[in-house]
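S.K.: So for the sequence shown, the numbering used here puts the first residue at 294; every next one is plus one.
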Amino acid sequence: MGARPALGPNFDDREKAIDFPAPSESKSNSAEANERTASERMVVQMMNLKASHINFYYRSFQALLDVNLEFAASKITALIGPSGCGKSTLLRSLNRLHETVRGARLEGQITLDNEDILKMDVTSVRRRVGMVFQRSNPFPKSIFENVAYGLGVNGMRGRQHTAEAVEKSLVRAALWDEVKDKLHESAYGLSGGQQQRLCIARALAVNPEVLLLDEPCSALDPISTAKIEELLFSLKEQCTIIIVTHNMQQAARVADYTGFFLMGKLIEFDETKKMYTKPAKKETEDYITGRFG
Ligand code: ADP
294 MGARPALGPN
304 FDDREKAIDF
314 PAPSESKSNS
324 AEANERTASE
334 RMVVQMMNLK
344 ASHINFYYRS
354 FQALLDVNLE
364 FAASKITALI
374 GPSGCGKSTL
384 LRSLNRLHET
394 VRGARLEGQI
404 TLDNEDILKM
414 DVTSVRRRVG
424 MVFQRSNPFP
434 KSIFENVAYG
444 LGVNGMRGRQ
454 HTAEAVEKSL
464 VRAALWDEVK
474 DKLHESAYGL
484 SGGQQQRLCI
494 ARALAVNPEV
504 LLLDEPCSAL
514 DPISTAKIEE
524 LLFSLKEQCT
534 IIIVTHNMQQ
544 AARVADYTGF
554 FLMGKLIEFD
564 ETKKMYTKPA
574 KKETEDYITG
584 RFG
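Here it is, written out as structure tokens:
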């Protein structure tokens, strides 16, 4: 990550700066060019997922309290904190899954590229923001059909296109080599770790910009967990990844940024390395040093 500045809950660090060619009269040598201010650069804003002033209620119970968080494009952000602190509630809100829960109510704004996701067509939100759950949940269908399903429901049918997209997704999910000779066998014949990677392949089939993962490794053995973690590294260049994990070591291994939640509040957000070595808040330190949770 090099010289990235420290980030806060409302950081603005997803910008990729591209230098303009220096005007010949004022910037004639490279030393001067290096001194250009930010205003002299062309700034390309990358994908921007932002949650602002989120208050979330399950009927009268408030599960999230004024949460503000921006997610860095092409990075992995981990959401950590003790059970019941609201991590999954926030994650699910990011692709509007909360709307399936009776009595759930969200206040605040979630934007994707400055567009309010709460006002967008929900199918389009879920295409752009994919989700993988704690328990792998393949359909009782073949490996091929499981991946093709996402394409079908998103109106991207066409035999050749489907076959190519299925292969591409399985390759991206690091599963292709293990399943290419049994694509038409039941997904239930795969191991737990393979099933989870299949669910990731299914989510990737529609090329989401954001991938949400809710404790994706909690039911997996260490080898399968390591495979998923490696996979996340390879995916993050093309996809912003947000992972809920109760496993602090996992967050330390995979995440560029980490948000620590406690009783519905975002207590601290920072670069993972900084949060784990120099947390700003006492509660964060107590949690990561295992004093509670
Ligand atoms: P975490 O992911 O950090 O374990 P959750 O987001 O699942 O926390 O839950 C946050 C709080 O909201 C908890 O107190 C939990 O009991 C409550 N909660 C979660 N889902 C529901 C629901 N469907 N109905 C009512 N309360 C819920």
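Heads up, the beta-carbon is just placed ideally off N, CA and C, and yes, glycines get one too.
Would Ala587 and Ala519 be called neighbours here (beta carbons separated by less than 7 Å)?
M.R.: Residue 587 lies beyond the range of the chain shown here (294 to 586); nothing can be said about it.
S.K.: Which class does Ala439 belong to by DSSP, given the choice of helix, strand or coil?
M.R.: To locate residue 439, count along the sequence shown from 1; it is residue 146. Before going on, a small fix: residue 439 reads as Asn here, not Ala. In the structure shown, Asn439 sits in a helix (DSSP, three-state: H, G or I).
S.K.: Name all residues in chain order for which at least one heavy atom of the ligand ADP lies closer than 5 Å to the residue's CB.
M.R.: Counting every residue whose Cβ lies closer than 5 Å to a heavy atom of the ligand ADP, we get Tyr351, Ala356, Ser376, Gly377, Cys378, Gly379, Lys380, Ser381, Thr382, Val394.
S.K.: Excluding the 5 residues flanking Phe554 on each side, which residues of the same chain have their C-beta closer than 6 Å to its C-beta?
M.R.: The residue given as residue 554 occupies position 261 in the sequence shown. Gly374, Cys378, Gly379, Lys380.
S.K.: Going by CA-CA distance only, name the one from Asn361, Leu559, Cys532 that's closest to Lys343.
M.R.: On the sequence shown, position 50 is the one that residue 343 refers to. For Lys343, the nearest C-alpha among the options comes from Asn361.
S.K.: What is the DSSP secondary structure of Ala545, counted as helix, strand or coil?
M.R.: Working through the sequence shown from its first residue, we reach residue 545 at position 252. DSSP places Ala545 in helix when its eight states are reduced to three.
S.K.: Is the segment 500-513 touching the segment 424-439 in the sense that three or more CB pairs, one from each, lie closer than 8 Å?
M.R.: The segment 424-439, when compared against the segment 500-513, does touch it at the 8 Å Cβ threshold.
S.K.: With Val499 and Leu525 assumed to form a contact (beta carbons below 8 Å), what rounded beta-carbon distance in angstroms separates them?
M.R.: As a first step, residue 499 must be located in the sequence shown, where it is residue number 206. As a first step, residue 525 must be located in the sequence shown, where it is residue number 232. Actually they do not touch by this definition, with Cβ atoms about 18 Å apart.
S.K.: DSSP three-state call for Ile347: helix, strand or coil?
M.R.: Translated into positions along the sequence shown, residue 347 becomes position 54. Reduced to three states, the DSSP call for Ile347 is strand.
S.K.: How long is the line joining the alpha carbons of Leu357 and Val464, rounded to whole angstroms?
M.R.: For this step, residue 357 is matched to residue 64 along the sequence shown. For this step, residue 464 is matched to residue 171 along the sequence shown. Looking at the two C-alpha atoms, the distance is approximately 37 Å.
S.K.: Per DSSP, what are the beta-bridge partners of Tyr550 in this structure?
M.R.: Against the sequence shown, residue 550 aligns to sequence position 257. DSSP, once it has assigned bridges, lists Thr370, Glu564 as partnering Tyr550.
S.K.: So, helix, strand or coil for Glu400, using DSSP?
M.R.: As a working note, residue 400 is residue 107 in the sequence shown. Three-state result, Glu400: strand.
S.K.: Where do the ends of the beta strand (DSSP E) carrying Leu504 lie?
M.R.: For the purposes of this step, residue 504 is taken as residue 211 along the sequence shown, with counting starting at 1. That run of the beta strand (DSSP E) goes 503-507.
S.K.: Output the distance between the C-alpha atoms of Val503 and Val418, rounded to the nearest integer angstrom.
M.R.: The residue labelled residue 503 in the question sits at position 210 within the sequence shown. The residue labelled residue 418 in the question sits at position 125 within the sequence shown. Roughly 10 Å between the two C-alpha positions.
S.K.: What does DSSP give as the partner residue(s) for Thr533 in the beta ladder?
M.R.: Working through the sequence shown from its first residue, we reach residue 533 at position 240. The partner list for Thr533 (beta bridge, DSSP) reads Val503.
S.K.: CA-CA distance, Thr416 and Leu390?
M.R.: Position 123 of the sequence shown, counted from the start, is the residue given in the question as residue 416. Position 97 of the sequence shown, counted from the start, is the residue given in the question as residue 390. So the two alpha carbons sit approximately 11 Å from each other.
S.K.: Does the separation of the CB atoms of Ile369 and Ile534 fall below 7 Å?
M.R.: Within the sequence shown, residue 369 is the residue found at index 76, counting from 1. Within the sequence shown, residue 534 is the residue found at index 241, counting from 1. Yes. Within cutoff.
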